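First up is the structure itself, then whatever we jot down about it.
In my numbering, the protein residues as written are 1068 to 1276.
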């Protein structure tokens, strides 16, 4: 964005070059994987678009599978950051109600699913290397922990798992809408469902104290 500080400005020339190479590989891999799918993607096409050598790919990632998993990790981290930032803003405004905080996190998550809809669809396709299943499981566990924290529930609580599953399906559905207006409408419908689910849970949790 114009006027924003360059995050690489304080780095040395070698470090800037390293980051630029990694970004080029990730950007070109995202293009190729989302256009063709994991199985049909060829390493040579990724390298051609990134304008880097085969040695650079293996130096930074190791290969096609590692690139794919790195994109998955970036997607998960980006969504977590968006949700955490939304909760921080609510805290700064003096909001402490668990349901309201959770809904803010959910809205940010679904907006991120729309923004990164190409990746949402890619990783929901079922294609990928052997390590993708483990990466997905780790991501789900991360979201269960985060949801439990926001709702002041345990990680084994049925509601925690229920809202995690609902939000996962909501993200996939939002990402498949061809226009943002339709995606936002579905997002708000899911948020209303989650609001009803979590409002009752918070009341129950308070009454049990």
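Idealized CB from N, CA, C, for every residue including glycine.
Just so we're clear, the structure is a prediction, and the values are computed from it rather than from any experiment.
One alpha carbon belongs to residue 1132, the other to residue 1220, and they sit about 36 Å apart. In this structure, the beta-carbon distance from residue 1254 to residue 1177 falls below 7 Å. Nearest to residue 1124 by alpha-carbon distance, out of 1101, 1161, 1096, is 1096. Residue burial is scored here from C-beta neighbours: residue 1144 has fewer than 16 other C-beta atoms within 10 angstroms and is therefore classed as exposed.
Contact between residue 1233 and residue 1181 does not hold, since the beta-carbon distance rounds to 17 Å and is not under 8 Å.
Counting C-beta atoms within 10 angstroms of its own C-beta, residue 1166 has 16 or more neighbours from the protein chains shown and is therefore classed as buried.
When DSSP states are grouped into helix, strand and coil, residue 1244 belongs to the coil group. Residue environment: residue 1150 is assigned as buried (16 or more neighbouring CB atoms within 10 Å of its CB, all protein chains considered).
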